[in-house]
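Taking it in order: structure first as structure tokens, then the write-up.
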Amino acid sequence: MAQRIIDRSYVGEVLQHVYDSDLDISITLISRGGYFYIASEDKRFSLQGTTIEEAVTHFAFELAKEFPSSKFATWWVNNFREEEYNRPGHRDKHY
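Residue 337, in my numbering, is where the sequence shown stops; the numbers in between run on with no holes.
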């Protein structure tokens with residue numbers, strides 16, 4: 243993930259945007275042994291990083307990739323986009 247890590251002051255805002263978004267997802271954030279995991283109804287995957295800032299950044303980055311036409315992805319890309327989104331061949335190059 244070539245994404246700048248969000249500042250701690252944005253963690254709540256990012257999670258609120260996920261909550262308010264048009265995404266129909268149900269998730270649980272788990273912290274175990276200094277690592278973060280996201281669990282959904284059908285799977286569990288680890289998030290990169292050992293801080294809440296790193297975990298929420300990775301979570302938001304992956305949501306934006308998985309649901310590129312969502313309101314959340316638009317908000318994320320407009321506010322926290324890195325140059326990776328502008329590289330030729332990137333999946334979300336239309337942003």
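Idealized CB from N, CA, C, for every residue including glycine.
One alpha carbon belongs to H300, the other to K313, and they sit about 18 Å apart.
The three-state reading of DSSP puts T293 in coil, since its state is none of H, G, I, E or B. Per DSSP, F309 lies in no alpha helix (DSSP H) and is assigned neither H nor E.
The beta carbon of V256 is closer than 7 Å to those of I248, V298, A302 in its chain, skipping five residues each way along the sequence. When the five nearest sequence neighbours on each side are left out, the beta carbons in the same chain lying within less than 7 Å of the beta carbon of G276 are those of T292, in order along the chain. Counting along the chain, Y277 sits inside the beta strand (DSSP E) bounded by residues 277 to 282.
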